[in-house]
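Data block below; observations after.
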Amino acid sequence: MPPSPGSTTAAAPRLVEQLKSGLDAPICLTWELTYACNLECVHCLSSSGRRDPRELTTAECKAVIDELHDLQVFYVNIGGGEPMVRRDFFELLDYSVSRGVGVKFSTNGYFIDAEKARRLTATDYIDVQISLDGADAATNDAVRGVGSYDAARRAMDHLAAAGFGPFKISVVVTRQNIPQLPAFEAIADSYGAQLRLTRLRPSGRGADVWNDLHPTNAQQRDLYRFLIERPGILTGDSFFHLSALGESLPGLNLCGAGRVVCLIDPIGDVYACPFVLHDEFRAGSVRDRGGFTSVWRESELFVGLREPQSPGACASCGSYDACGGGCMAAKFFTGLPLDAPDPECVWGNADDALAAVDPASLPSSGPGHSKIPKADARPAVSTNVTLKPTRHRVVVSSS
Amino acid sequence: MRRLLSTLEVETSRVVDGPDDDLDAGPVGDHPGTADIGFDPARPYALHPQVALRPEPFGALAYHYGNRRLVFLKRNALVALVRSLGDHPTVDAALDAAIATGAFDARQRSSYLKALASLAASEVLCAPAREET
């Protein structure tokens, strides 16, 4: 049906444009409940390990949940660290659900035994996401630590036995596990689970292993075809930079940082997205006067991110409309300007700029909450001379 | 083209557009057909009890706590129509009332009807159980 003369259709901006200019409240947000973790994955986005003594208290967490309820944030992605190590984990879960804020939480599975699996099954509006970064123990444990594969599979067994239904198996796609995508599918199918693939980011400890773990460009093309053929696979809109290859992947295909998504960290700091735990992208704190709501609506950072962004170096590229220039966090932590192409630009448009990056200039997330302080994390003291922009070399061994 | 609806399945981040919808937020995914759920505008419909509406500048977000699907209602007139459904004995009556009050033009009736059918297919709307007589 053609637009009628009196129609307001023509004047209405496209939904994506409206989303880019921000909403009164996030559509969904990620909330890292704790930096404490029993594991220490080499690519951890939040450099987790040790609990931060300034962690939000149970009462403070409940106040945040109250705000999310008032803002009509329908669900929250809870992560960490390992969120289940918080002693009030189930209390917060129950409170959130009772306030109409559904919970999807990510876990390594160590703490899901038969009893916890039954408890999770008995709670409405809970989604569980078990992290698995290899389809076999050798591949997974090289990244996530010895024993972590068996622990994740045990948790899956418990959830299946309890009749939880379709939980999610969440895989960070790496150079090492891309050949295993069919094997991941088979594991998910064996449980009636949903497979979720997300993009490796050079954030947190991920910066240290980026050069060794991020997929090759040929692998990215394989992944794109895999995802196009399987629209049922969940991605959290992670791979929108691959939409430059042709048909758009399912999803909104935009960077939602500070516009439709954000991150609350364990001490209440609010960041633009889960992949930019760095002062430059810290918008404020839920502990500030006005709470989360004021940070979301008024922080200088978020207001700025909702302004039209310059295509910069991508202005002359025919794929810019499809990929939007890619991921802000991936650019930032590889030392690229925010208006440069994505470091994993499928057309290789970032390659020259990446080669020109001085490793000493790379932003650091600081030591974070890693159990072993990263004494060698500062480029100034790095003794490893590498041509690629990495802070130091990390050997990922499967032994 | 009308752009009345987009559906984002939260867990899949999938955007599915309404049947009469210009593609403006991503690829069209599979969408439950409207015919096979037997949407009948001669019957009453109402917002599904598990659905919450959040007002937005462009219209509203509808979230279904059961199927975790997020739907973008991209017209304020559509949001008002959805909210009004419970006050009318049939969907047709709600559409007639909206047109009578100038909420939208009569020529747009079929677009709004299709949007409602799509919302029913996504279980944003449901039909009350048939009365047993």
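Protein chains in written order, with my numbering: chain E, 1276 to 1674; chain G, 477 to 609.
Don't be surprised by glycine CBs; every beta carbon is placed ideally from N, CA and C.
Between E:His1644 and E:Asp1327, the CB-CB gap stays under 8 Å.
Note on the region 1451-1515 of chain E: whole beta strand (DSSP E) runs with a minimum of 3 residues are 1469-1474, in chain order. The criterion of a C-beta distance shorter than 8 Å is satisfied by E:Ile1340 and E:Arg1374. Taken in chain order, the unbroken stretches of alpha helix (DSSP H) that lie wholly in the region 1348-1409 of chain E and span 4 residues or more are 1364-1373 and 1389-1396. Taking a Cβ-Cβ threshold of 7 Å, none of the residues of chain G is close to E:Gly1531; the smallest such distance is about 10 Å. For E:Leu1298, the chain G residues whose Cβ falls inside 7 Å of its Cβ are Glu532, in order along the chain. The beta-carbon of E:Tyr1400 is placed less than 8 Å from the nearest beta-carbon of chain G.
Against chain E, the beta carbon of G:Tyr539 has neighbours under 7 Å at Phe1349, listed in chain order. What G:Ala528 touches in chain E, judged by beta-carbon distance under 9 Å, is Gln1347, Phe1349 and Gly1375, going in chain order. Looking at the DSSP output, G:Glu532 bridges to G:Gly535.
In terms of Cβ geometry, G:Ala570 and G:His564 form a close pair [threshold 8 Å]. For E:Asp1544, the enclosing beta strand (DSSP E) covers residues Asp1544 to Tyr1546. For E:Ile1302, the nearest CB of chain G lies under 8 Å from its own CB, placing it at the interface with that chain.
Fewer than three pairs of CB atoms, one per stretch, sit closer than 8 Å, so the region 1532-1543 of chain E makes no contact with the region 1616-1634 of chain E. Look at the region 550-581 of chain G: the residues with a C-beta under 7 Å from a C-beta of chain E are Lys550 and Asp581.
Secondary structure at E:His1344: helix, using DSSP grouped into helix, strand and coil.
Residue G:Leu546 holds the alpha-carbon nearest to the alpha-carbon of G:Ala528 among G:Leu480, G:Asp572 and G:Leu546. Using a Cβ distance threshold of 8 Å, E:Ser1513 and E:Thr1449 do not count as a contacting pair.
Remark: fewer than three beta-carbon pairs, one from each stretch, lie closer than 8 Å, so the region 1452-1459 of chain E and the region 1421-1439 of chain E are not flagged as touching. Between E:His1318 and E:Val1447, the C-beta gap is smaller than 8 Å, which places the two residues in contact.
DSSP places E:Val1317 outside both helix and strand once states are collapsed to three, so it counts as coil. Secondary structure note for G:Ile575: its alpha helix (DSSP H) is the uninterrupted segment Val567 to Ala576. Straight-line measurement puts the Cα of E:Leu1308 at about 12 Å from the Cα of E:Arg1325. Annotation: Cβ neighbours of G:Phe548 in chain E (cutoff 7 Å, chain order): Leu1290.
When DSSP states are grouped into helix, strand and coil, E:Gly1579 belongs to the helix group. In this structure E:Ser1523 is buried. Its beta-carbon is surrounded by 16 or more other beta-carbon atoms within 10 angstroms. Bridge pairing for G:Cys602: G:Ala522 [DSSP]. The closest CA to that of G:Tyr541, considering only E:Leu1346, E:Ile1401, E:Ala1532 and E:Arg1534, is found on E:Ile1401. Sequence-distant partners of E:Gln1494 (beyond 5 residues in either direction) whose C-beta falls short of 8 Å from its own C-beta, in its chain, are Arg1450 and Ile1453. The beta carbon of E:Asp1388 is closer than 7 Å to those of His1433 in its chain, skipping five residues each way along the sequence.
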